[in-house]
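Read the structure below first, then the notes.
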Amino acid sequence: MNFLQTEPIRILLYLVGICAFVGANAAYLVLAERKGAGRIQRRPGPNEAGFGGLLQPLADGIKLLAKQVMVPPGTDALLFRAAPLLVMAPPLMCLAMIPFSDSITARSLNVGLLFVFSFGSINVMALMLGGWASRNKFAIISSARVVSQNVAYEIPMLLVVITLLMVTGTMDLNEIIQQQGGGFWKWNLFKVWVNPLMPVTFVIFFICMLAETNRAPFDMAEAESELVAGAFTEYGGMGFGVFFMAEYANIVVGCSLATVLFLGGWQSPIGVLSGGLWGAGWFLLKLYALIFTVIWIRWTFPRTQFYSLLNLSWKILIPISLFTLLLTGAMMKLPVVYNHFF
Amino acid sequence: MIAQKDLIPVDNGGDPTKETFVLNLGPQHPAAHGVLRVLLTMDGEWIQRAEPVIGYIHRMHEKMGENRTWAKFLPNTSRIDYLSAMHYTHAFVGAVERAAKIEVPVRAEYARVITSELNRISSHMVWWGALLLDLGGFTPILYAFDDREKILDLLEALCGARLTYCYYRFGGLYNDVDDAFLKGTRDFVAHMKPRLKMYRELVTDNIILRKRLTGIGPLSADLCRRYGATGPVIRGAGVAYDVRRAEPYSVYPKLEFKIPTYPEADSMARYLVRMDEMEQSLFIIEQALDQIPTGPFIGKVPRVLKLPVGDTCYAVEAARGRFMVRIVSDGKEIPYRVKLRTPSFSNLSLYEEASKGMILPDALAMMGSLDLVIPDIDR
Amino acid sequence: MNPTLEQLSEHFGRLTTGTASAVVQVADPALKGYHLDVTVAPSLVVEAAGVADRAGFALDAVTGVDWLAQNEMEVVYDYFHPESPLRVVVRTRIPRAEPELPTIAGVFAGANWHERETHDFFGIRFTGHPNLKPFLLPEDATFHPLLKDYKP
Chain A
15 MNFLQTEPIR
25 ILLYLVGICA
35 FVGANAAYLV
45 LAERKGAGRI
55 QRRPGPNEAG
65 FGGLLQPLAD
75 GIKLLAKQVM
85 VPPGTDALLF
95 RAAPLLVMAP
105 PLMCLAMIPF
115 SDSITARSLN
125 VGLLFVFSFG
135 SINVMALMLG
145 GWASRNKFAI
155 ISSARVVSQN
165 VAYEIPMLLV
175 VITLLMVTGT
185 MDLNEIIQQQ
195 GGGFWKWNLF
205 KVWVNPLMPV
215 TFVIFFICML
225 AETNRAPFDM
235 AEAESELVAG
245 AFTEYGGMGF
255 GVFFMAEYAN
265 IVVGCSLATV
275 LFLGGWQSPI
285 GVLSGGLWGA
295 GWFLLKLYAL
305 IFTVIWIRWT
315 FPRTQFYSLL
325 NLSWKILIPI
335 SLFTLLLTGA
345 MMKLPVVYNH
355 FF
Chain B
303 MIAQKDLIPV
313 DNGGDPTKET
323 FVLNLGPQHP
333 AAHGVLRVLL
343 TMDGEWIQRA
353 EPVIGYIHRM
363 HEKMGENRTW
373 AKFLPNTSRI
383 DYLSAMHYTH
393 AFVGAVERAA
403 KIEVPVRAEY
413 ARVITSELNR
423 ISSHMVWWGA
433 LLLDLGGFTP
443 ILYAFDDREK
453 ILDLLEALCG
463 ARLTYCYYRF
473 GGLYNDVDDA
483 FLKGTRDFVA
493 HMKPRLKMYR
503 ELVTDNIILR
513 KRLTGIGPLS
523 ADLCRRYGAT
533 GPVIRGAGVA
543 YDVRRAEPYS
553 VYPKLEFKIP
563 TYPEADSMAR
573 YLVRMDEMEQ
583 SLFIIEQALD
593 QIPTGPFIGK
603 VPRVLKLPVG
613 DTCYAVEAAR
623 GRFMVRIVSD
633 GKEIPYRVKL
643 RTPSFSNLSL
653 YEEASKGMIL
663 PDALAMMGSL
673 DLVIPDIDR
Chain C
7 MNPTLEQLSE
17 HFGRLTTGTA
27 SAVVQVADPA
37 LKGYHLDVTV
47 APSLVVEAAG
57 VADRAGFALD
67 AVTGVDWLAQ
77 NEMEVVYDYF
87 HPESPLRVVV
97 RTRIPRAEPE
107 LPTIAGVFAG
117 ANWHERETHD
127 FFGIRFTGHP
137 NLKPFLLPED
147 ATFHPLLKDY
157 KP
């Protein structure tokens, strides 16, 4: 036991653990998505490979690995190859900060939230590089879209998070969760006495998360009926596979963050059975419920128009999140002002 | 690294803000239904000029018409627009019957109306699914194909084909509509009505869909007239032009139906016209099922068909608009000239003018709302 | 507002080059599929299109017929009316040796494509046409498949 808790071993274990978690999630979320889509579209989905289709991700993975990674002539070969690596790295880094339970965290930093957001922003750069290096007009249009979309949605997302920080007073993700203990009414989502607009903040966060991960209905980066495959047009084989997996890894990060910030992370909704593996269970339950919602939305709605996507951010989400920010500030200062005068 | 020789010189007239690039959309593009190629001159995401390049699936049906007998050309007509084959064979059969003065039994006319309207619904279902696919909604097409499958099964039992029907014959039909088909059609009408209601609630009233289509790609009535656009395109511009009423054929004068029109002239108007048309088609089918008489299904037709000298036109309202056949006969067994005037050809010809200044996704949404079938354009 | 058959035949009948005027025949739509059959001189097609345009007609199709025996080519302009059930056919004949006609693309924008197609199939040159490139045939096609003496 002592041996396991020595620092290098601990880091190694978590590294392997996170890679395995991301890999398994990316692979099996693809299956879950295809199965879910099949359910929504009244068809069975993949059901041939393995037991009811359970080995489908493996078959896909082998197929993708067996393909040659084509680098089209005239492209910037270095950036073209680097982009899939860059797109996979941020979610791996972010997951190191996510507390899966009160005792299962790869690294606990007191600026964990800041860490997650700073690495999360690299994602857009990787997509842009991929699109630019492909030397394809569709890919370049797509990368221009990705950048403007991510910049537009970073702002309301950060405003919402600042609102939340004012409530929590800490950037340590584990501490944020600990503050939400004791039943679901203590979750930040339901803290309406701090800010009556708290559920709205959660919705804004969720929308921004969808937009940041380029998921439908905001999948402007891929938009296959307009831009063929957007930034990934020229990628084949595992190059495309990594982009594809990174999309799911990003969804996992985004949904974990939403769980941690708003849904009480590993805290039990009934106030008991929160510690240890129970906590991990609660966390995963909430996480997958959110991920299912993401999948559900994708297979239900058509894609939005690009300018209405930007309009939504600049004209609706940013003013509302600014307003919640002000409201929270005012409501927090209200007792101080009250005590001062009366 | 990109070599200097690989760079394409940019012609911007010395002004970098006027820099444009050419985007080659298709002929293998997920949004171009079939092998349509559009050369887009783009300014960022704005389209400055969109030039459709067609002919990739040109088969020269009109020449084929000139070297086979009237009856042997009939299967060709169902290959022009494979999604509404019934209407196309109807037009050719109708033109020959009109020229040769062949009487068609009433039962056959009613059967033609029923099958034509079923075909219209199946065609519109494909359009609906494909348009939603263009807009990034993946699910509706599977529901649409589910409903379409029921129609295809009915028509397959009737005439043996699932797509390129050749069910009509000069003077009547290939075989009689049986009771199983009539009952199956009744069941289908009962099945389809609640489905259309569901589609309206689930898809038509979706805010994203409304935002994607409302106000996008306005095609005014005058534009439609100058380009000869017909069908849901001109009805979506508020003009109640329907060949079934303008040039009555078959037993349509005996049947009641409304011509749905929307004056907004945008993509949403064209969408709603087609959705309403499916309801009207169901209504027509119901009436025809009630009115269909017993009797022979094919009239007297000479074994060797020779048409009198002269030209004859026959137009039908196909799923995409006005389809006209102009046949010219020199008194022989073989047509002298067959002209096929297809609706998609005219509907696409306005694309260059209409898409000017549009943003790429909007232009593709508009293209989806035109309901193009490429073999119909190329013939 | 919508024109009657009599008004139309009068309008079309007034077209004249000075030597030859348009021949207007009223046809039975139940037998022919159109109401009015107008035959004009080649130089009058643009004016005939103008008459149709002012009467609110829409362009249905432009097409050719190769009359090899008479050594002539016929070009047929079909018009339909979006608001009233009227169909007009305007035809003209040009010599086969020199198939040339003025374009009506200036009147009906939709004629652009129809004329390109007719040029492809019959080799009829539409003078003043903005873009008479091969359309349905391959870019390098030098043949006109609908000519009756065309041998593949």
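Line by line, the protein sequences give chains A, B and C. For the first sequence, my numbering gives the first residue as 15, with consecutive numbering after it. For the second sequence, my numbering gives the first residue as 303, with consecutive numbering after it. For the third sequence, my numbering gives the first residue as 7, with consecutive numbering after it. Glycine residues also receive a C-beta, built at the ideal position from the N, C-alpha and C atoms.
Can you tell me whether residue i is helix, strand or coil according to DSSP?
| i | result |
| --- | --- |
| W280(A) | coil |
| I349(B) | strand |
| P316(A) | coil |
| F86(C) | strand |
| V206(A) | coil |
| F254(A) | helix |
| R339(B) | strand |
| R95(A) | helix |
| A27(C) | Residue 27(C) is actually Ser in this sequence, not Ala. Strand at S27(C). |
| N326(B) | strand |
| S631(B) | strand |
Do you know offhand how far residue i's Cα is from residue j's?
| i | j | result |
| --- | --- | --- |
| A147(A) | V85(A) | 10 Å |
| S156(A) | A34(A) | 31 Å |
| I636(B) | Y476(B) | 21 Å |
| S648(B) | S583(B) | 24 Å |
| A115(C) | S270(A) | 58 Å |
| N228(A) | Q163(A) | 9 Å |
| R471(B) | C461(B) | 12 Å |
| S425(B) | E654(B) | 25 Å |
| A402(B) | E89(C) | 30 Å |
| I629(B) | V479(B) | 29 Å |
| S27(C) | F132(C) | 22 Å |
| A352(B) | N118(C) | 15 Å |
| S380(B) | L650(B) | 20 Å |
What residues in its chain sit with their C-beta under 8 Å from that of residue i, if we drop five residues either side in the sequence?
| i | result |
| --- | --- |
| F315(A) | A230, P231 |
| E368(B) | I636, P637, Y638, R639, V640 |
Please classify residue i: is it buried, with 16 or more other beta-carbons within 10 angstroms of its beta-carbon, or exposed?
| i | result |
| --- | --- |
| K452(B) | buried |
| D664(B) | buried |
| V351(A) | exposed |
| P144(C) | exposed |
| F65(A) | exposed |
| D383(B) | buried |
| I509(B) | exposed |
| L92(A) | exposed |
| V165(A) | exposed |
| N353(A) | exposed |
| Y467(B) | buried |
| G670(B) | buried |
Residues in its own chain within less than 6 Å of residue i by CB, not counting five upstream and five downstream?
| i | result |
| --- | --- |
| D544(B) | I561, E619 |
| R502(B) | none |
| E458(B) | R464 |
| F447(B) | none |
Does any residue of chain D bring its CB to less than 8 Å from the CB of residue i?
| i | result |
| --- | --- |
| R93(C) | The displayed structure is made up of protein chains A, B and C, and chain D is not among them. |
Under 7 Å between beta-carbons, which chain A residues line up against residue i? List them in chain order, please.
| i | result |
| --- | --- |
| K608(B) | In chain order: nothing, as chain A lies at least about 50 Å away. |
| E654(B) | Correct list: empty, because the minimum Cβ distance to chain A is about 19 Å. |
Excluding the five sequence neighbours on either side, which residues of its own chain have a C-beta within less than 7 Å of the C-beta of residue i, listed in chain order?
| i | result |
| --- | --- |
| I676(B) | H335, G336, V337, L338, I359 |
| G474(B) | V406, P407, A410, F599, I600, G601 |
| P213(A) | L203 |
| A67(C) | D84, H120 |
Under 8 Å Cβ-Cβ, which residues of chain C neighbour residue i?
| i | result |
| --- | --- |
| I676(B) | Result: empty, since nearest Cβ-Cβ is about 12 Å, beyond 8 Å. |
| Y573(B) | The premise fails here: Y573(B) is roughly 20 Å from chain C at the closest Cβ pair, so nothing lies under 8 Å. |
So which residues of chain A does residue i contact, with C-beta pairs closer than 9 Å?
| i | result |
| --- | --- |
| R514(B) | P316, R317, T318, Q319, S322 |
Below 8 Å on C-beta distance, what does residue i contact in chain A?
| i | result |
| --- | --- |
| D448(B) | R56 |
| N508(B) | F315, P316 |
Can you pull the chain B residues whose beta carbon is under 8 Å from the beta carbon of residue i, in chain order?
| i | result |
| --- | --- |
| V242(A) | H331, P332 |
| A230(A) | G438 |
| S239(A) | P332, A333, L435, D436, L437, G438, L666 |
Identify the contact partners of residue i in chain B, using a Cβ-Cβ distance below 9 Å as the criterion.
| i | result |
| --- | --- |
| K151(A) | F323, V324, L325, N326, M344 |
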